[in-house]
Amino acid sequence: QVQLVESGGGLVQAGGSLRLSCAASGSSFSSNFDVMSWYRQAPGKQRELVATMGRGGNTKYADSVKGRFTISRDNVKNMVSLQMNSLKPEDTAIYYCNAGPYSGYQNWGQGTQVTVSS
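Add 2 to the 1-based position in the sequence shown for the working numbering, that's all there is to it.
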């Protein structure tokens, strides 16, 4: 059973920055941490991929966050972070950490709220 614990959400003004972190634990199968991702879900919208990073360092970002958000990970500690700069009100959402052999796998954190005020 994989546990994912997010931290770092909060309230910030537009143009500001936040850093989200996620600590993964609970599995002896390394494949459960091969791909670590951040998703978000805004009120009334579907959950969407924000950024994903493979164990080898390959990354993918949603077009809406390219150039503003940076995903990073620590393969030894099984941690993933999301540095969010130049935040916009439309970035307001609950952000979820995800880990597994592929992005969107069944392992999800509880979510952390990010609110960007205009």
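Glycine included, each C-beta is placed from N, C-alpha and C at the ideal position.
Given a cut-off of 9 Å on the beta-carbon distance, is the pair residue i and residue j in contact?
| i | j | result |
| --- | --- | --- |
| L20 | G111 | no |
| V67 | Y97 | no |
| S39 | G106 | yes |
Give me, in chain order, the residues of the same chain whose beta-carbon lies closer than 7 Å to that of residue i; leave out the 5 immediate sequence neighbours on both sides.
| i | result |
| --- | --- |
| K90 | A16 and V118 |
| A44 | T94 and A95 |
For chain C, find out if any of its Cβ atoms is closer than 9 Å to the Cβ of residue i; answer yes or no.
| i | result |
| --- | --- |
| V82 | This model lacks chain C altogether; it includes just one protein chain. |
Here's a check: name, in chain order, each residue in its chain whose Cβ is nearer than 6 Å to the Cβ of residue i, leaving out the five neighbours to either side.
| i | result |
| --- | --- |
| S29 | V4 |
| S9 | S23 |
| G11 | T114, Q115 and V116 |
State the Cα-Cα distance for the pair residue i and residue j, rounded to the nearest angstrom.
| i | j | result |
| --- | --- | --- |
| A25 | G46 | 28 Å |
| V78 | R57 | 10 Å |
| S23 | N87 | 15 Å |
| N100 | D36 | 11 Å |
| R70 | E92 | 13 Å |
| P103 | T61 | 15 Å |
| E50 | T94 | 13 Å |
| V116 | T54 | 18 Å |
| I73 | S120 | 24 Å |
| D31 | N109 | Note that residue 31 is Phe in the sequence shown, not Asp. So the two alpha carbons sit approximately 13 Å from each other. |
Closer than 8 Å to a non-hydrogen atom of the ligand NAD - does that hold for the CB of residue i?
| i | result |
| --- | --- |
| R21 | Of ligands this structure carries none, so the ligand NAD is not represented either. |
Among the residues of its own chain, which have a CB less than 8 Å from the CB of residue i, if the five just before and after it don't count?
| i | result |
| --- | --- |
| V14 | L20, L89, V116, T117, V118 and S119 |
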